[in-house]
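Taking it in order: structure first as structure tokens, then the write-up.
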Amino acid sequence: MEYLVILIAALFHAIWNSIIKDSGDKLLTLTAIRAIGLLFGVFVIVFLPPLEMEAIPYLAGASIIHCLYFWFLLNIYRIGDFSQVYPISRGSAPLMVILLGAVFAGEYLSPTQVIATVMISSGILLLSVAKGRLARVPGIYALITGACIAGYTVVSGMGVRIANSFVVYAGWLEVITGLAVVMFTTVRRKRQILIYLQTQCKKGIVAGFLSVSAFAAALWAMKTSPLAPIAALRETSIIFAAIIGVIMFKEDYGKYRKI
70 MEYLVILIAA LFHAIWNSII KDSGDKLLTL TAIRAIGLLF GVFVIVFLPP
120 LEMEAIPYLA GASIIHCLYF WFLLNIYRIG DFSQVYPISR GSAPLMVILL
170 GAVFAGEYLS PTQVIATVMI SSGILLLSVA KGRLARVPGI YALITGACIA
220 GYTVVSGMGV RIANSFVVYA GWLEVITGLA VVMFTTVRRK RQILIYLQTQ
270 CKKGIVAGFL SVSAFAAALW AMKTSPLAPI AALRETSIIF AAIIGVIMFK
320 EDYGKYRKI
């Protein structure tokens, strides 16, 4: 059941990332997404029991890593092709999760699980360079984004296992990261917010719903399943992203891009 849910979440993840990529204002679109998550989080905090104190350090760490992830995510979509930078960032993450999970979570996979995870990640990474080279700067940014993904996956995976409810943990994470992004955008782009709400609000709402649903599903699966295999299966979103990149953005798949 967990694996089916993660596959659906992978589709959701590819769609909301493609909405950011296609947006004329990526920061405001990300802000709309996080605002939806913020509303969800507030609802959770008001109506559900509080988060366990033991989970708070993990929540704080995951929140910081998420904010770094958002910053690099916006930049890789600004300078790189969706069908290349998305596979690198998502495909590299499970390989890092294997190492980080062993070091920090004491999670040692069976040889079969390691081989399966490596095969999935390797296949994803190969898709990004299947037909050409990737420029250096987008490649570096994509790898850093992958490291952020691995970091928040392991930290949140550990935190959600301590929490009694994955929904409560997800709610608090959405509130903290949502407030951070909304406050940042308000300071930097206050005049453009109203214009965005009038012209692209619907896309932001849809993307926000997909984002919150996809990450909540991942937290639910990580509460009881090994982190690296879940991370690897989650990254099958690249298959959907590759299709979106070619069809929606008319990208020549893997074509070299000069920066």
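Throughout, this note's numbering is defined as the position within the sequence shown, counted from one, plus 69.
For every residue, glycine included, the Cβ atom is placed at its ideal position computed from N, Cα and C.
The structure presented is a predicted model; accordingly, all values stated were derived computationally and were not measured.
Neighbourhood of residue i by C-beta distance below 8 Å, restricted to the same chain and skipping five residues each side
{"i": "Lys95", "result": "Ile89, Leu143, Tyr146, Arg147"}
{"i": "Glu176", "result": "Gly170, Pro295, Leu296, Ala297"}
{"i": "Ala124", "result": "Gly228, Val229, Ile231, Ala232, Tyr238"}
{"i": "Cys270", "result": "Ala101"}
{"i": "Ser234", "result": "Leu117, Pro118"}
{"i": "Gln261", "result": "Asp94, Leu97"}
Test item: CB-CB of residue i and residue j under 8 Å
{"i": "Leu120", "j": "Tyr238", "result": "yes"}
{"i": "Leu128", "j": "Ala297", "result": "no"}
{"i": "Leu97", "j": "Thr254", "result": "yes"}
{"i": "Gly106", "j": "Val275", "result": "no"}
{"i": "Ala300", "j": "Pro163", "result": "yes"}
{"i": "Arg303", "j": "Ala78", "result": "yes"}
{"i": "Leu80", "j": "Phe284", "result": "no"}
{"i": "Ala101", "j": "Gly208", "result": "no"}
{"i": "Val154", "j": "Ala219", "result": "no"}
{"i": "Leu76", "j": "Thr305", "result": "yes"}
{"i": "Glu71", "j": "Ala290", "result": "yes"}
{"i": "Leu288", "j": "Ile84", "result": "no"}
Cut-off 7 Å between Cβ atoms - residues of its own chain near residue i, not counting five sequence neighbours on either side
{"i": "Val113", "result": "Val236, Val237, Gly240"}
{"i": "Ala217", "result": "Ala is not the amino acid found at residue 217; the sequence shown has Cys there. Excluding residues within five positions, the ones whose Cβ falls inside 7 Å are Ile134, Leu137, Tyr138, Phe141."}
{"i": "Glu243", "result": "Gly106, Leu107, Phe109, Gly110, Val281"}
{"i": "Val172", "result": "none"}
{"i": "Arg258", "result": "Leu96, Leu97"}
Among the options, the one whose alpha carbon lies nearest that of residue i
{"i": "Lys292", "options": "Gly273, Met252, Val224", "result": "Val224"}
{"i": "Ile245", "options": "Ser191, Leu266, Leu108, Ile189", "result": "Leu108"}
{"i": "Ala232", "options": "Ile167, Ala101, Pro118", "result": "Pro118"}
{"i": "Leu194", "options": "Leu212, Ile77, His82, Arg205", "result": "Leu212"}
{"i": "Ser92", "options": "Ser294, Ala287, Phe284, Gly273", "result": "Gly273"}
{"i": "Arg205", "options": "Val172, Arg230, Asp150", "result": "Asp150"}
{"i": "Tyr210", "options": "Ile262, Lys271, Ser161", "result": "Ser161"}
{"i": "Ala104", "options": "Arg230, Val251, Val74, Ala290", "result": "Val251"}
{"i": "Leu99", "options": "Val256, Gly247, Leu168", "result": "Gly247"}
{"i": "Ile19", "options": "Thr186, Gly192, Pro126", "result": "An answer regarding residue 19 cannot be provided, because it is not within the stretch 70 to 328 covered by the chain."}
Presumed contact (8 Å Cβ cut-off) between residue i and residue j, rounded CB distance
{"i": "Ala174", "j": "Met122", "result": "That belief does not hold up - the Cβ atoms of Ala174 and Met122 are roughly 20 Å apart, past 8 Å."}
Contacting residues, own chain, Cβ-Cβ under 6 Å from residue i (five flanking each side not counted)
{"i": "Ser87", "result": "Ile313"}
{"i": "Ala286", "result": "Val74, Ala78"}
{"i": "Gln182", "result": "Pro298"}
{"i": "Val115", "result": "none"}
{"i": "His82", "result": "Ala283, Ser306"}
{"i": "Ile189", "result": "Ala301"}
{"i": "Val187", "result": "none"}
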